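Enquirer:
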Amino acid sequence: MLRNAMKNPMFVVGLIVIVGLFSISMYYYIVHEDHIPKTFMFHNDEGQLIDRAPLSPIQVGPFGTDKLGYHLFEQIIIGAKYTIGIAFLVASMRMALSFVGGVLGGTYLQKTMRTTSGIVDAMQYIPISLLSYFILRGVLMENGMDGTFQYSFFERMVFEVVILTAVAIPTTTVLISNETYALWGKEFIESARTLGGTRIHILVKHILPHLGPRMIIIFLQQLVSVLILLLHLGLLKLFFGGTFFSPDPVLGDEYRSVSAEWSGLIGSTYEYLAYETWVPLIPILSFVLVILAVHVMLEGFKQSMESQSGKRNKKRQYSEKQADVNPNSFYFLNEIEEENLPKRTASR
Amino acid sequence: MQKKLIQIGIKLIAALLGVLLLGAMPGLFNGMNLDLSGYVNRLLNTIQQLIHYKDLTFDSGEGSYQLFPVLFEYLTYSIMILFGALLIAFLAGLSFTILTLRLPAPLQKGIRRIAFLIESLPDVFILALVQISVIWIYKKTNVLIMDVASFERIYTMPILVLAILPTFLFYRIMIHIFEEEFEKTYVDLARTKGVNATRILFVHIFRNAILSIYFHSRSIVWFALSNLFIMEFIFNLNGLTRFIFEHPTPEIFTVSCVLLFVPIFVVLNSFQLIAERASKEEALI
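Sequence lines, in order, name chains D and G.
Quick note, the numbering used here runs 208 ahead of the 1-based positions in the first sequence.
Quick note, the numbering used here runs 19 ahead of the 1-based positions in the second sequence.
(1) If we call anything under 8 Å between Cβ atoms a contact, is HIS503 of chain D one with VAL434 of chain D?
(2) Compare the Cα-Cα distances from ILE292 of chain D to each of D:THR406, D:TYR480, D:ALA468 and report the closest residue.
(3) Residues of chain D with a CB under 8 Å from the CB of ARG237 of chain G: which are they?
(4) If we cut at 8 Å on Cβ distances, does PRO185 of chain G have a partner in chain D?
(5) Below 8 Å between beta carbons: does that hold for SER465 of chain D and ILE284 of chain D?
(6) Of all Cβ atoms in chain G, is any one closer than 8 Å to the Cβ of ALA213 of chain D?
(7) In the DSSP output, which residue or residues are listed as bridge partners for THR332 of chain G?
(8) Whole angstroms is fine: what's the gap from GLU514 of chain D's alpha carbon to PRO421 of chain D's?
(9) Does the beta carbon of VAL178 of chain D sit closer than 8 Å to a beta carbon anywhere in chain G?
(10) Less than 8 Å separating the beta-carbons of SER139 of chain G and ILE499 of chain D?
(11) Spatial neighbours of MET321 of chain D within its chain, please: C-beta separation below 6 Å, excluding the five flanking residues on both sides.
(12) For PHE448 of chain D, which beta-bridge partners are listed by DSSP?
(13) Given THR273 of chain G, which residues of its chain have a CB within under 6 Å of its CB, disregarding the five upstream and five downstream residues?
(14) Considering MET349 of chain D, what are the terminal residues of the alpha helix (DSSP H) in which it resides?
(15) Can you grab the Cα-Cα spacing for the pair VAL369 of chain D / ALA304 of chain D, in whole Å?
(16) What does a CB cutoff of less than 6 Å around PRO262 of chain D pick up in its chain, not counting 5 residues either side in sequence?
(17) In its own chain, which residues sit with a C-beta less than 8 Å from the C-beta of TYR72 of chain G, not counting the 5 before and 5 after it?
(18) Check this for me: beta carbons of PRO185 of chain G and PHE254 of chain G, under 8 Å apart or not?
(19) By Cβ distance below 7 Å, which residues in the same chain neighbour LEU372 of chain D in space, the five residues on each side in sequence not counted?
(20) Which bits of chain G does PHE342 of chain D rub up against, with CB to CB less than 7 Å?
(21) Entirely within the region 338-422 of chain D and at least 3 residues each: give me those beta strand (DSSP E) ranges in chain order.
(22) Name the residue from D:GLN429, D:PRO417, D:GLN430 whose alpha carbon lies nearest to the alpha carbon of LEU210 of chain D.
(23) At 4 residues or longer, what runs of the alpha helix (DSSP H) sit wholly inside the region 283-335 of chain D?
(24) Is the beta carbon of THR380 of chain D closer than 8 Å to that of LEU419 of chain D?
(25) Look at PHE77 of chain G and HIS266 of chain G and say whether their C-beta atoms are less than 8 Å apart.
(26) Helix, strand or coil for THR273 of chain D? Go by DSSP, reduced to three states.
(27) Please return the same chain residues whose Cβ sits closer than 7 Å to the Cβ of ASN257 of chain G, not counting the five positions on each side in sequence.
(28) Check whether the Cβ of SER289 of chain G lies closer than 8 Å to any Cβ atom in chain D.
(29) Name the chain D residues whose beta carbon is nearer than 8 Å to that of LEU188 of chain G?
(30) Classify LEU244 of chain G as helix, strand or coil using the three-state DSSP reduction.
(31) I need the boundaries of the alpha helix (DSSP H) containing MET176 of chain G, first residue and last residue.
(32) Could you round the C-beta distance between LEU101 of chain G and LEU208 of chain G to whole angstroms and report it? I think they count as a contact, below 8 Å.
(33) Quick one: is PHE248 of chain D buried, meaning 16 or more other Cβ sit within 10 Å of its Cβ, or exposed?
(34) What are the boundary residues of the alpha helix (DSSP H) that includes LYS22 of chain G?
(35) Could you tell me the distance, in whole angstroms, from the CA atom of TYR84 of chain G to the CA atom of VAL38 of chain G?
(36) What is the rounded straight-line gap between the Cα of PHE234 of chain G and the Cα of MET193 of chain G?
In structure tokens:
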């Protein structure tokens with residue numbers, strides 16, 4: 209299954225982008241220990257001061273600096289491992305838990321699943337980012353009054369991962385259980401049963417292998433959904449691992465991320481969009497890049513699955529071509545007038 | 020029909036229950052600890068307050084105001100934008116689909132690639148682009164396309180902006196479903212009987228496709244709802260989701276979620292009924 213996908217160029221390109229970003233980020237951590245270079249003043253060739261931070265990408269390559277003069281490029285590199293890592297972790301946990309629940313539910317508890325799915329449906333009427341925001345707010349936001357967090361960095365991180373996982377569990381579980389249930393209704397399962405396969409045997413030998421490709425597709429979709437959720441939470445000033453909050457009645461409240469995670473970079477600088485467009489736009493573009501890469505992987509994977517199951521269809525196309533018969537090779541016994549013939553319309 | 024209505028009624032109650040349970044969710048956590056009794060308390064409390072909904076208030080600035088009927092203004096605004104955008108997205112997606120299916124195959128492939136790329140863009144990126152271009156146009160021509168700082172409720176731009184991504188989602192799904200339908204034998208039969216292509220497309224294929232479109236459109240509605248929230252937040256629109264965000268009390272969260280849920284539920288279920296009528300098939304879910 210995966211070996212096949214590896215032959216698909218789209219899948220490989222997406223994979224390279226994501227793995228590449230992650231490895232560069234890890235390399236930077238190991239070799240440079242996440243050092244962020246700083247340029248606050250900008251001098252021209254004659255040594256005159258002409259500008260100060262935030263500096264544009266033209267003045268300080270390749271991505272410019274933020275308002276404190278820290279280079280954005282290095283921040284993006286440093287943040288990559290957090291963003292990609294979290295998304296991967298949360299999506300895997302969602303999948304692992306929903307997979308167990310979904311397969312069991314689809315196999316043994318389909319009736320109960322159907323009645324509870326009405327309640328799960330309610331998830332569709334509430335914006336998920338709003339719900340996660342309300343649950344996470346109390347833990348992740350620094351207390352502005354005394355400037356301390358109630359919990360340690362590690363605790364906050366675990367809590368956020370748990371919540372981000374939990375919010376998607378009901379819908380994903382119902383989805384997987386429906387997929388499983390649909391498989392149990394297939395004809396080849398019926399024949400496996402008549403041949404004397406036990407439930408466990410059929411589950412392991414027939415259901416799970418058929419679920420595999422669907423699981424990879426759902427996993428990649430979950431990856432995108434986690435990334436978008438992180439992006440939304442970042443905009444709402446909830447950054448992964450916690451938000452430093454310093455209220456300032458004159459200059460406006462300031463929010464800062466604990467790590468250089470991308471959503472934090474966006475959330476803390478989004479107000480600059482109008483004046484120093486690149487400061488929030490560059491982390492947003494990084495998100496776009498990763499989400500696009502996952503989508504490309506997803507599309508590539510689907511294609512490789514189709515080409516695998518499409519071998520049978522090829523035969524049919526061939527026979528369709530054969531259907532072009534020379535009209536002169538036969539004649540009608542009862543010749544009909546030409547204009548009474550039904551028109552053949554080609555809409556394809 | 021009566022059986023159908025009872026079914027929908029049960030669904031309504033189940034989903035309403037779900038919204039109530041979810042609405043009390045933030046009460047489940049006391050800091051980081053699970054607090055089951057706190058959750059139950061909050062749930063009971065909210066239900067009690069929901070019954071006496073007329074006494075609910077919200078704080079704004081110094082004072083405290085009656086929640087109803089002010090909340091309805093926020094609700095209608097959000098709902099107008101949401102459904103306006105979804106309607107436009109549906110129609111635009113449908114027309115693009117029909118146009119694309121009439122183009123030659125190589126062109127179709129190219130168009131689909133572009134649509135796929137746009138569909139993959141996160142909503143925040145699109146919103147940021149809109150914001151940048153509004154500022155850019157204002158700087159160049161002094162024309163303010165969208166005033167995001169005013170308190171007036173603006174419609175056209177938010178609806179159009181919100182419609183962008185759902186349009187592409189509808190497009191992707193419709194193209195996929197329509198092509199599957201084209202493969203089916205009844206299309207060949209209709210063709211051999213001499214039914215013309217437009218009629219096949221609009222009467223037969225559309226009728227059979229609409230139920231599948233309904234199933235997918237539920238997730239699109241949800242997606243649009245999330246989009247709506249982030250758009251109201253970024254553009255400073257005076258809508259319901261922004262209201263919830265600014266007045267984060269448990270009862271306002273639940274009341275607003277319930278209010279938001281009712282119209283969406285009604286519209287989705289009417290769509291389902293119409294689709295079932297049209298296709299003469301019954302939806303299993």
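No residue lacks a Cβ here, since even glycine has one placed at the ideal position from N, Cα and C.
Note that the structure is predicted; figures quoted are calculated from it, not measured.
Expert: To lay it out plainly:
(1) Not a contact, by the Cβ cut-off of 8 Å.
(2) Checking every option, the nearest Cα to that of ILE292 of chain D belongs to D:ALA468.
(3) Result: GLN332.
(4) Answer no: the Cβ-Cβ gap between PRO185 of chain G and chain D never drops below 8 Å.
(5) The answer is no: Cβ separation not under 8 Å.
(6) Not an interface residue.
(7) Coverage of chain G is limited to positions 20 through 304, which leaves residue 332 of chain G absent and any answer about it impossible.
(8) Their backbone Cα atoms lie some 11 Å apart in a straight line.
(9) As shown, chain D starts at 209 and ends at 556. That puts residue 178 of chain D outside it, with no answer to give.
(10) Result yes, Cβ atoms of SER139 of chain G and ILE499 of chain D sit closer than 8 Å.
(11) Correct list, in chain order: GLY313, SER385.
(12) Looking at the DSSP assignment, PHE448 of chain D forms no beta bridge with any residue, so it has no partner.
(13) Answer for THR273 of chain G: GLY42, THR65, listed in chain order.
(14) Under the DSSP assignment, MET349 of chain D falls outside any alpha helix (DSSP H); it carries neither an H nor an E label.
(15) Going from the Cα of VAL369 of chain D to the Cα of ALA304 of chain D covers about 14 Å.
(16) Non-local C-beta neighbours of PRO262 of chain D in its own chain, meaning closer than 6 Å and more than five positions away in sequence, comprise THR273, ASP274, LYS275, GLU484, VAL487, ordered along the chain.
(17) Correct list, in chain order: LEU86, PHE87, VAL274.
(18) Their beta carbons are not under 8 Å apart, which means PRO185 of chain G does not touch PHE254 of chain G by this criterion.
(19) Result list for LEU372 of chain D: VAL298, SER340, VAL434, LEU437, in chain order.
(20) Below the 7 Å Cβ cutoff, chain G contributes PRO45, PRO267, PHE272 as neighbours of PHE342 of chain D, in chain order.
(21) DSSP runs (the beta strand (DSSP E)) wholly in the region 338-422 of chain D: none.
(22) Considering only alpha carbons, the answer is D:PRO417.
(23) Fully enclosed alpha helix (DSSP H) runs of 4 or longer: 318-329.
(24) No, these two residues do not count as a Cβ contact at 8 Å.
(25) At a Cβ-Cβ threshold of 8 Å, PHE77 of chain G and HIS266 of chain G count as neighbours.
(26) Strand, per DSSP.
(27) Excluding sequence neighbours, ASN257 of chain G sits near TYR93, TYR96, PHE170, ARG172.
(28) Output row for SER289 of chain G: interface = no.
(29) Simply none; closest approach about 12 Å.
(30) Here DSSP, grouped into helix, strand and coil, assigns LEU244 of chain G to helix.
(31) Looking at the DSSP string, the run of the alpha helix (DSSP H) that includes MET176 of chain G is 175-202.
(32) The Cβ separation is near 40 Å, so there is no contact.
(33) Exposed is the call here.
(34) Where LYS22 of chain G is concerned, the enclosing alpha helix (DSSP H) stretches over 21-42.
(35) Rounded to whole angstroms, TYR84 of chain G to VAL38 of chain G spans 25 Å at the Cα level.
(36) The straight-line gap from Cα to Cα measures roughly 11 Å.
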